[in-house]
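These notes are about the structure you will find just below.
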Amino acid sequence: MEIVLIDMFKVPSEAREIFLERARQVQGFIKTLPGFVEGFLYEQRDATGSQHQVLTIAVWETEEAFENAKRTVGARDQQQGINRQEAIKQLGIELTRAIYTRAPY
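The sequence shown runs 1015 to 1119 under the working numbering.
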């Protein structure tokens, strides 16, 4: 059963470029991992232009592939000295995460 990870970020305008650069780097990396099916990055600017909503979506073949990807990305972050939670906090970004299974219809 496919696992779908959907992250919704509220990104202040001043953090947009650095956030998108990092998001693209992560998406480029996860595309190389076993079990990756597809991924997307969507952006919406609010009416004032001061905040952006960014959705990142990654689809994995199985829960095992998803769990392996989490471990692999975490290990890569650690090797590179990246603390994702701290970076999000410093940039003033809000994150909402959801994990779904693809339901047949």
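For every residue, glycine included, the Cβ atom is placed at its ideal position computed from N, Cα and C.
Is the beta carbon of Pro1048 closer than 9 angstroms to that of Asn1097?
For the purposes of this step, residue 1097 is taken as the residue at position 83 of the sequence shown. For the purposes of this step, residue 1048 is taken as the residue at position 34 of the sequence shown. No, the Cβ-Cβ distance between Asn1097 and Pro1048 is not below 9 angstroms.
Assuming contact is defined by CB atoms lying nearer than 9 angstroms, are Thr1076 and Gly1053 in contact in what I supplied?
Working through the sequence shown from its first residue, we reach residue 1076 at position 62. Working through the sequence shown from its first residue, we reach residue 1053 at position 39. Contact flag unset, no.
Touching or not, the stretch 1033-1047 and the stretch 1055-1071, by the rule of three or more beta carbon pairs under 8 angstroms?
Segments in contact, yes.
Is the distance from the Cβ of Ile1111 to the Cβ of Phe1043 below 9 angstroms?
Locating residue 1111 in the sequence shown gives position 97, where the first residue counts as 1. Locating residue 1043 in the sequence shown gives position 29, where the first residue counts as 1. Reading off the sequence shown, one finds Arg at residue 1111, where the question assumed Ile. Cβ atoms of Arg1111 and Phe1043: not closer than 9 angstroms.
Tell whether a beta-carbon distance below 9 angstroms holds between Val1073 and Val1051.
Along the sequence shown, one-based indexing puts residue 1073 at 59. Along the sequence shown, one-based indexing puts residue 1051 at 37. Inclusion of Val1073 and Val1051 in the CB contact set at 9 angstroms is warranted, their separation being smaller than that value.
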